[in-house]
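As given, the protein sequences belong to chains D and V, one line each in that order.
Per the numbering used here, the first sequence runs over residues 3 to 173.
Per the numbering used here, the second sequence runs over residues 3 to 173.
Think of the CB as a built atom: it goes at the ideal place given N, C-alpha and C, for glycine as much as any other residue.
Report on the structure given below.
Number of protein chains: 2
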Amino acid sequence: METWDAITARRATKEYDTRPLADTDLERILEAARRAPSSSNNQRWDFVLIRNRGQLERISKVWPGAAHIANAAAAVGLVAPFSDDLRLTASINYDLGQAAMSMMIAAADLGIGSRTASVQDYALAAEVLRLPDDRRLTWLLGLGYPGDRPLKPIKNPARKPLEEIVHHDRW
Amino acid sequence: METWDAITARRATKEYDTRPLADTDLERILEAARRAPSSSNNQRWDFVLIRNRGQLERISKVWPGAAHIANAAAAVGLVAPFSDDLRLTASINYDLGQAAMSMMIAAADLGIGSRTASVQDYALAAEVLRLPDDRRLTWLLGLGYPGDRPLKPIKNPARKPLEEIVHHDRW
């Protein structure tokens with residue numbers, strides 16, 4: 003698919019159909035994450051690919067807004083070192099956002115929908131995924147073919163108009 | 003360009019040639035940012051498109067690692083509300099990372115290179131961009147045609163191998 007079509011077809015998908023995802027497609031999505039840029043190329047990330055239905059159901063309890071993960075074809079847990087330093091937190095999460103968006107666009111290119119979920123119950127997440135003490139499940143990405151309608155380029159996305167958010171040379 | 007080619011051709015570009023960027027290309031890159039997902043679709047972002055050479059030079063002083071911005075064809079300043087709350091900071095920066103990656107892939111699709119710079123001197127950034135008190139220049143994205151060689155898909159990116167960063171169902 004053309005890049006612009008993938009960028010404009012991506013939308014947050016929380017209803018998934020039951021078709022499983024091909025191993026090669028999942029590998030491509032994870033490869034897109036691997037290639038994302040990061041601060042000083044530090045790659046402070048690990049990705050837990052969750053396909054086991056029991057694991058998907060368990061991990062969907064980490065936040066009320068993560069319920070859709072239980073029905074996803076697969077999920078990617080974005081795991082990173084935890085820090086209580088504000089600047090480091092900003093940097094790690096900016097990098098994770100880049101990796102997530104790379105996965106979402108790669109997925110859209112394959113007709114696969116995606117949606118991020120926050121994590122609130124870090125202890126449960128650590129237990130379900132058996133994470134080391136120094137790592138935290140920071141975000142979850144649900145993946146699957148959309149249950150409602152196939153992805154196709156969206157003409158008018160629900161966003162503020164460009165004129166409202168873009169400034170020229172200064173605010 | 004095919005999506006996968008754009009994803010794999012993107013690389014951090016810090017040397018730019020002198021060709022200016024077309025207005026339509028810059029608009030497409032900003033449109034990619036506008037379409038990025040964000041927490042509850044809150045769109046806690048503004049984008050300052052900097053093309054004025056004096057402004058590019060001034061804004062390049064906000065961090066030693068931002069020097070390449072002075073020679074970029076253009077830059078996008080990612081502006082967001084500042085918070086000293088750790089969870090909010092994580093969320094805002096995850097969203098900004100998604101918007102940035104969307105711009106970088108849209109740029110790569112057009113043969114345009116990009117590279118993020120951190121910001122350290124927030125006061126200088128606020129002065130140069132005349133930001134409101136409740137906003138902060140959080141990241142800078144330099145844009146331009148690469149000065150060294152055109153973008154093309156990279157076979158072996160300098161990244162940890164997939165096996166090292168991907169876990170299956172649990173750590």
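With a cutoff of 7 angstroms on beta-carbon distance, aspartate 171 (chain V) and asparagine 73 (chain D) are scored as not near each other. Sequence-distant Cβ neighbours of alanine 160 (chain D) in its own chain, meaning closer than 6 angstroms and more than five residues away, do not exist here. Listed in chain order, the alpha helix (DSSP H) elements of length 4 or more contained wholly in the region 58-129 of chain D are 88-111.
Listed along chain V is no residue with a C-beta nearer than 7 angstroms to that of histidine 70 (chain D); the closest approach is about 14 angstroms.
Glycine 99 (chain D) has a beta carbon lying within less than 7 angstroms of a beta carbon in chain V. Comparing C-alpha distances from leucine 23 (chain V) to each of V:Ala110, V:Ile156, V:Ala128 and V:Gln122 shows the shortest one belongs to V:Ala110.
Taking 7 angstroms as the threshold, the shortest C-beta distance from proline 159 (chain V) to chain D falls below it.
Tryptophan 6 (chain V): member of the alpha helix (DSSP H) spanning 5-11, first to last residue. Residue burial is scored here from C-beta neighbours: glutamate 166 (chain D) has fewer than 16 other C-beta atoms within 10 angstroms and is therefore classed as exposed. When the Cα atoms are used, isoleucine 31 (chain D) and valine 130 (chain V) turn out to be separated by approximately 39 angstroms. Beta-bridge annotation (DSSP): leucine 143 (chain V) is paired with V:Val78 and V:Thr118.
The beta carbon of alanine 127 (chain D) is closer than 8 angstroms to those of Ile61, Val64, Gly79, Val121, Leu133, Arg138 and Leu139 in its chain, skipping five residues each way along the sequence. CA-to-CA, the gap between glycine 67 (chain D) and glycine 146 (chain D) works out to about 17 angstroms. Its chain contains Thr10, Ala11 and Arg13 as the residues whose beta carbon lies nearer than 8 angstroms to that of isoleucine 156 (chain D), once the 5 sequence neighbours on both sides are disregarded; these appear in chain order. Taking a Cβ-Cβ threshold of 8 angstroms, none of the residues of chain D is close to asparagine 44 (chain V); the smallest such distance is about 10 angstroms. Proximity of aspartate 111 (chain D) to chain V, defined by a Cβ-Cβ separation below 7 angstroms, is satisfied.
For the 7 angstroms CB-CB criterion, alanine 101 (chain V) and alanine 8 (chain V) do not form a contact.
From the beta-carbon of valine 50 (chain V), the residues of chain D found nearer than 9 angstroms are Val168, His169, His170, Asp171, Arg172 and Trp173. DSSP places aspartate 48 (chain D) in the strand class (E or B) of the three-state scheme.
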